Structure formats: C-alpha cells, structure tokens
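Enquirer:
There are 2 protein chains.
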Amino acid sequence: MQAAARAFADKGFHATTTRDIASGAGLSPAGVYVHFGSKEELLFNLSRTGHESALREVRAAVADAATPTQQLADLVATFSQWHAEQYEIARVVQYEHHHLTPEHHAEVLALRKQIDAVVRGILEAGTREGLFTIDDIGDTALALLSIAVDVARWYSPTIRRTPAQIGATNAHLALRLVGAAT
Amino acid sequence: MQAAARAFADKGFHATTTRDIASGAGLSPAGVYVHFGSKEELLFNLSRTGHESALREVRAAVADAATPTQQLADLVATFSQWHAEQYEIARVVQYEHHHLTPEHHAEVLALRKQIDAVVRGILEAGTREGLFTIDDIGDTALALLSIAVDVARWYSPTIRRTPAQIGATNAHLALRLVGAAT
DNA sequence: ACGGTGACTAAGCGCTTGCTTAGTTTCGCA
DNA sequence: TGCGAAACTAAGCAAGCGCTTAGTCACCGT
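Taken in order, these protein sequences are the chains called Y and F. Taking our numbering, the leading residue of the first sequence gets 813, the next gets one more, and so forth. Taking our numbering, the leading residue of the second sequence gets 813, the next gets one more, and so forth.
#1: By the DSSP assignment, the alpha helix (DSSP H) with phenylalanine 891(Y) in it spans what residues?
#2: Since alanine 896(F) contacts tyrosine 845(F) with CB under 8 angstroms, what's their CB separation in whole angstroms?
#3: Quick one: any contact between the stretch 857 to 873 of chain Y and the stretch 939 to 947 of chain Y, if contact means 3 or more CB pairs under 8 angstroms?
#4: Tell me which residues share the same chain as threonine 890(F) and place their Cβ nearer than 7 angstroms to its Cβ, disregarding the 5 neighbours each side in the sequence.
#5: Nearest to serine 850(F) by CA position, among Thr913(F), Ala875(F), Pro880(F) and Val905(F), is which residue?
#6: Please list, in chain order, the residues of the stretch 818 to 848 of chain F that have any C-beta partner in chain Y closer than 7 angstroms.
#7: What residue does the alpha helix (DSSP H) around serine 958(F) start on, and which one ends it?
#8: Just verifying my parser: in three-state terms, what is the DSSP assignment at glycine 942(Y)?
#9: Cβ closer than 8 angstroms: which chain F residues qualify as neighbours of histidine 909(Y)?
#10: Is it true that the CB of glycine 824(F) sits closer than 8 angstroms to the CB of glycine 824(Y)?
#11: With a 10 Å radius around its C-beta and 16 neighbouring C-beta atoms as the bar for buried, classify proline 841(Y) as buried or exposed.
#12: Determine the chain F residues that contact isoleucine 959(Y) at a beta-carbon separation under 7 angstroms, and present them in chain order.
#13: In angstroms with no decimal places, state the Cα-to-Cα distance between alanine 821(F) and alanine 815(F).
#14: Valine 920(Y) and histidine 863(Y): beta carbons closer than 8 angstroms?
#15: With a threshold of 8 angstroms between beta carbons, is threonine 981(F) in contact with chain Y?
#16: Please list the partners that histidine 984(Y) has in chain F, where partner means a Cβ-to-Cβ separation under 8 angstroms.
#17: Which chain F residues are close to leucine 987(Y), counting only those with a beta carbon under 8 angstroms from its beta carbon?
#18: Is there contact here, the stretch 979 to 991 of chain F with the stretch 900 to 919 of chain F, by at least three beta-carbon pairs under 8 angstroms?
#19: Whole angstroms are fine: how far does the CA of serine 892(Y) sit from the CA of proline 975(Y)?
#20: Take leucine 884(F) as the anchor and find which of Ala827(F), Ser865(F), Glu915(F) and Val930(F) has the nearest alpha-carbon.
#21: Quick one: does proline 894(Y) have its CB under 8 angstroms from some CB of chain F?
#22: Could you check how far apart the C-beta atoms of isoleucine 959(F) and serine 958(Y) are, in whole angstroms? I think they sit under 8 angstroms.
#23: Since glutamate 908(F) is in the alpha helix (DSSP H), which residue starts that stretch and which ends it?
#24: I need the boundaries of the alpha helix (DSSP H) containing alanine 976(Y), first residue and last residue.
#25: Using DSSP with H/G/I as helix, E/B as strand and the rest coil, what is glycine 838(F)?
#26: What residue does the alpha helix (DSSP H) around threonine 861(F) start on, and which one ends it?
#27: With distance defined between alpha-carbon atoms, name the residue in Ala877(F), Thr994(F), Val888(F) and His910(F) nearest to threonine 952(F).
#28: Quick one: grab the DSSP three-state call for tyrosine 995(Y).
#29: Let's see if you can read the secondary structure: which residues bound the alpha helix (DSSP H) around arginine 818(Y)?
#30: Within the same chain, show all residues whose beta-carbon is closer than 7 angstroms to that of arginine 924(F), passing over the 5 residues directly before and after it, in chain order.
#31: Check whether the Cβ atoms of serine 938(Y) and alanine 992(Y) sit closer than 8 angstroms, and answer yes or no.
#32: Under 8 angstroms, do leucine 867(F) and isoleucine 934(F) count as touching if we go by C-beta distance?
#33: Give the range of the alpha helix (DSSP H) segment to which valine 846(Y) is assigned.
Right, here's the structure in full:
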C-alpha cells in the first residue's frame with residue numbers, strides 16, 4: 813500500500829502500472845495479487861483509510877477545543893498539517909478518488925461529506941454565537957477547505973515551511989476569512 | 813482540441829485514449845494524427861493556450877483597476893470566474909500539466925510563475941501603501957490562488973451559483989484575507 | 001518428520017494502447 | 001475540367017497493460 817500510495821501520488825492512478833507497484837514493494841508483478849484482488853481495490857483501500865484518518869484527526873481537533881473560534885483554528889491547522897505530513901496519501905485522497913468504481917466512490921464521498929459537515933457545524937455555531945461574520949456558510953466552508961486541501965498540491969518535503977507552520981498560517985488565514993477576532 | 817479537453821478534464825490524461833478523442837471529434841482514430849503528432853502534443857497545446865488565456869485575462873483585469881485593493885478584487889474575481897466558465901480547460905491546466913514532457917512542462921511552469929508574480933506584485937503594492945495587513949506575502953498569495961484554482965475542482969454547470977457570482981464571492985473573501993477595508 | 005497453509009514467482013494470456021501505413025476522398029484554384 | 005494538397009479512413013503493428021495459472025518455497029503446529 814505504501815508503494816501504491818507513492819506511485820499513485822506521483823503519476824496518478826492510470827499512469828501507474830501494477831508492475832510499478834510490485835517493484836516498489838520489492839515483489840514480482842504477481843505478488844501484489846496475493847494481497848489485493850485488483851489495482852482498483854488497492855486504490856479503494858488507500859482512499860478509504862486516508863479519508864478515515866483525516867476525518868478522525870479533524871474530529872479529535874474539534875472535540876479538544878472549547879469555542880467555535882478555537883475549533884475552527886484547530887480544525888484548519890490540523891487538516892492543513894495532515895495534507896502536508898501525509899501528502900502522498902492526501903494526493904491520492906484528493907485527486908484519484910474519481911477513478912474508483914461507482915460503489916466505492918459513493919462510500920468515499922460519504923466520508924467527504926462528513927468532513928464538510930464538521931466545518932459547516934463550526935461555522936453555524938460561530939455565527940449563532942456572534943463570533944463570526946459570514947455572508948454564506950456554504951461558500952465560506954468551501955473556501956476554507958480549498959486552502960487546506962490545496963496544501964497537498966503544492967507541498968513538498970524540501971519546502972521552507974514545516975507542516976506545523978503551514979497549519980498555523982492557514983489557521984490564522986481561516987480566522988480572517990470568517991471575520992473572527994484574533 | 814475541444815474533444816480532448818473534455819476527455820482529459822473528465823477522465824485524466826492517461827485514462828483518455830486517442831480513440832476517445834477521435835470519436836469525440838467525429839473522426840477515425842487515425843484522423844487525430846493529421847493535426848497532432850502525439851497525444852502529449854495535444855495536451856501541450858491545450859495546456860499552453862489555457863495558461864496563456866488565463867494570464868491574459870488576469871493581466872487585463874489588473875490593468876483596468878486603479879488601486880491595489882481594486883486590482884486584487886478584480887484579479888481574484890476574474891481568475892475564479894475563468895476557472896468556472898472554462899472549467900474543462902481549467903482542469904487540464906491545473907491537474908494534467910505534470911504529464912507533459914520535461915521541456916513542455918518547463919514552458920508551462922514559466923507561465924504559471926507569471927501569474928504568481930502578478931498576485932505578489934499587487935500584495936506588495938497594497939502592503940507598501942498601507943492598504944493590506946499581511947504576515948507573509950508568499951503564504952498569502954498561495955492561499956489566494958488556492959481559493960481561485962480550487963473552483964475548477966468543484967465547479968459544475970449544474971451548480972447553484974453562476975461563474976460571475978463565484979468570482980464576486982471569492983473577491984470578497986480575498987479582501988478579507990489581506991485585511992483590506994471593504 | 002510431516003502435512004497444510006499462506007507468501008511468493010516465472011511465464012504468459014488476451015486485450016488495449018499509441019501510433020503508422022497505404023490508400024481514398026474532398027476541396028480550392030487555375 | 002483537372003490537378004496538387006490537405007483531410008481523412010481501414011487495417012493493423014509492436015508494445016505494454018491488468019491479471020491468471022501452475023508451481024515453488026518457507027514456516028508452523030503436531
């Protein structure tokens with residue numbers, strides 16, 4: 813799965829051959845099929861566990877914070893940091909999920925909607941408590957997720973900023989986006 | 813090129829066959845090769861003209877605005893709107909450019925850097941004139957571009973908002989991000 | 001010592017891929 | 001009307017694809 817994640821992130825699902833994955837894992841081409849029934853099954857396992865991992869981290873960050881302001885800051889920081897630290901899996905999660913079979917795609921989309929719902933929930937709470945000034949919750953949630961998700965696109969381990977620093981920066985920008993006091 | 817743009821945007825470069833492109837254009841598989849030497853050449857033509865089109869629009873928007881505040885708003889609005897209106901080409905531009913040959917990739921990267929430079933220039937001018945409050949110009953430019961570029965990922969013609977409305981929303985969010993008075 | 005089980009490979013099958021070749025049709029222009 | 005060039009196709013080639021098959025090997029409880 814590690815070899816597959818690396819290859820999918822680097823070249824994309826369809827440009828990756830099962831022979832790439834096998835040799836990346838130190839196996840013969842047939843060796844992969846002892847553990848996975850198909851290339852798509854490998855993508856699905858990566859995509860599902862990746863989404864679950866992100867959702868788990870996001871929920872933990874929100875649970876540990878007291879106010880909507882702190883929740884939003886921690887959520888964006890955690891989610892951004894995850895996209896940097898796990899940038900290979902994050903790229904598979906963000907850019908390859910539409911190559912899944914319809915059934916697998918639906919399963920993964922449900923997890924994505926849960927992440928979206930967490931963000932919306934915080935924005936609603938913050939607006940209700942008068943902490944945030946927001947025109948439209950859906951549009952703002954989308955912009956917040958854009959900033960965090962896009963980290964996977966441009967992040968590289970050779971970059972100036974550390975994942976933690978990226979998380980802190982994006983958390984700060986997020987609070988500005990919702991008009992929260994900092 | 814239209815058929816190729818549609819197919820590349822829909823399924824990705826490697827998942828698209830030359831037969832897909834040919835039949836999409838109403839040609840036999842060999843008919844494509846009368847006009848293009850290879851599938852990669854088609855991608856390069858789409859990617860180059862797409863980048864040039866985006867850069868042209870962005871530069872025009874900036875040239876027509878008086879203050880850095882107005883320039884930033886118009887740039888983000890125009891760039892976001894472009895990613896919605898031309899969402900098929902935009903997806904090719906944003907997600908397929910790394911499948912180009914190294915030479916072609918370098919040529920397209922130069923165009924991307926020019927777009928980046930326009931954004932940075934406005935942020936520097938706005939900061940210099942005391943209009944913007946920004947921690948780091950590079951980080952902020954990246955976040956602004958993330959919001960605009962990500963439109964190509966989620967936009968669909970069936971969506972509630974029009975491309976112009978998306979541009980207006982994102983322009984408003986952009987001004988918030990840089991701490992500009994609205 | 002031995003039988004069963006799971007991990008693994010060498011070889012390769014059937015199919016699809018990007019692209020070519022050889023030949024036909026269409027078309028602008030003299 | 002006739003001609004050269006450009007646009008196009010039917011057929012297919014070599015290579016690479018996902019995946020299978022038949023068989024070997026290492027290991028572990030009895």
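Glycine included, C-beta positions come from ideal geometry on N, C-alpha and C. As the structure is a prediction and not an experimental result, all values here were calculated from the model.
Expert: On the basis of the supplied data:
#1: Taking the first residue of the first sequence as 1, we reach residue 891(Y) at position 79. 880 to 897 is the span of the alpha helix (DSSP H), which, as asked, contains phenylalanine 891(Y).
#2: The count along the second sequence starts at 1 and reaches residue 896(F) at position 84. The count along the second sequence starts at 1 and reaches residue 845(F) at position 33. Actually they do not touch by this definition, with Cβ atoms about 33 angstroms apart.
#3: no
#4: As a position in the second sequence, residue 890(F) is number 78, starting the count at 1. Correct list, in chain order: Glu869, Val870, Ala873 and Gly979.
#5: In the second sequence, the residue the question calls residue 850(F) occupies position 38. Ranking the options by Cα distance to serine 850(F), first place goes to Thr913(F).
#6: Gly824, His826 and Ala827
#7: The residue given as residue 958(F) occupies position 146 in the second sequence. Taken as a continuous stretch (DSSP letters only), the alpha helix (DSSP H) holding serine 958(F) covers 949 to 961.
#8: Taking the first residue of the first sequence as 1, we reach residue 942(Y) at position 130. Coil at glycine 942(Y), not helix or strand.
#9: Along the first sequence, one-based indexing puts residue 909(Y) at 97. Under the 8 angstroms cutoff, chain F gives no residues; its nearest Cβ is about 11 angstroms from histidine 909(Y).
#10: Counting from 1 along the first sequence, the entry for residue 824(Y) is found at position 12. Counting from 1 along the second sequence, the entry for residue 824(F) is found at position 12. Yes.
#11: Along the first sequence, read from residue 1 onward, the residue named residue 841(Y) stands at position 29. Exposed is the call here.
#12: Here residue 959(Y) corresponds to residue number 147 of the first sequence, with the count starting at 1. Result: Ala955, Ser958 and Ile959.
#13: The count along the second sequence starts at 1 and reaches residue 821(F) at position 9. The count along the second sequence starts at 1 and reaches residue 815(F) at position 3. So the two alpha carbons sit approximately 10 angstroms from each other.
#14: Taking the first residue of the first sequence as 1, we reach residue 920(Y) at position 108. Taking the first residue of the first sequence as 1, we reach residue 863(Y) at position 51. Yes, Cβ-Cβ distance for valine 920(Y) and histidine 863(Y) is below 8 angstroms.
#15: Position 169 of the second sequence holds residue 981(F). Closer than 8 angstroms: yes.
#16: The sequence position of residue 984(Y) within the first sequence is 172, counting from 1. Correct list: Asp947.
#17: The sequence position of residue 987(Y) within the first sequence is 175, counting from 1. By Cβ distance, chain F contributes nothing, its closest Cβ being about 10 angstroms from leucine 987(Y), past 8 angstroms.
#18: no
#19: Here residue 975(Y) is taken as the residue at index 163 of the first sequence, counted from 1. Here residue 892(Y) is taken as the residue at index 80 of the first sequence, counted from 1. Cα-Cα distance, rounded: 8 angstroms.
#20: Reading the second sequence from its first residue, position 72 is the one you call residue 884(F). The option with the nearest alpha carbon to leucine 884(F) is Val930(F).
#21: What you label residue 894(Y) is simply residue 82 of the first sequence in a count that begins at 1. First, the amino acid is wrong: residue 894(Y) is tryptophan here, not proline. Output row for tryptophan 894(Y): interface = no.
#22: Mapped onto the second sequence, residue 959(F) falls at position 147. Mapped onto the first sequence, residue 958(Y) falls at position 146. Indeed, because the Cβ distance is near 5 angstroms, the residues count as touching under 8 angstroms.
#23: Translated into the one-based positions of the second sequence, residue 908(F) becomes position 96. Taken as a continuous stretch (DSSP letters only), glutamate 908(F) belongs to no alpha helix (DSSP H), as it is neither H nor E.
#24: By 1-based counting over the first sequence, the position of residue 976(Y) is 164. Taken as a continuous stretch (DSSP letters only), the alpha helix (DSSP H) holding alanine 976(Y) covers 975 to 989.
#25: The count along the second sequence starts at 1 and reaches residue 838(F) at position 26. Coil, per DSSP.
#26: Within the second sequence, the letter at position 49 stands for residue 861(F). First-last of the alpha helix (DSSP H) with threonine 861(F): 851 to 875.
#27: As a first step, residue 952(F) must be located in the second sequence, where it is residue number 140. Nearest of Ala877(F), Thr994(F), Val888(F) and His910(F) to threonine 952(F), Cα basis: Val888(F).
#28: Given that chain Y is displayed from residue 813 to residue 994, the structure contains no residue 995(Y) and the question cannot be resolved.
#29: What you label residue 818(Y) is simply residue 6 of the first sequence in a count that begins at 1. Element bounds for arginine 818(Y): 814 to 823.
#30: As a working note, residue 924(F) is residue 112 in the second sequence. Around arginine 924(F): His863.
#31: Along the first sequence, one-based indexing puts residue 938(Y) at 126. Along the first sequence, one-based indexing puts residue 992(Y) at 180. Note on residue identity: the sequence assigns glycine, not serine, to residue 938(Y). Yes.
#32: Stepping through the second sequence from its first residue, residue 867(F) is reached at position 55. Stepping through the second sequence from its first residue, residue 934(F) is reached at position 122. Not a contact, by the Cβ cut-off of 8 angstroms.
#33: Residue 846(Y) sits at position 34 when you count from the first residue of the first sequence. Looking at the DSSP string, the run of the alpha helix (DSSP H) that includes valine 846(Y) is 844 to 847.
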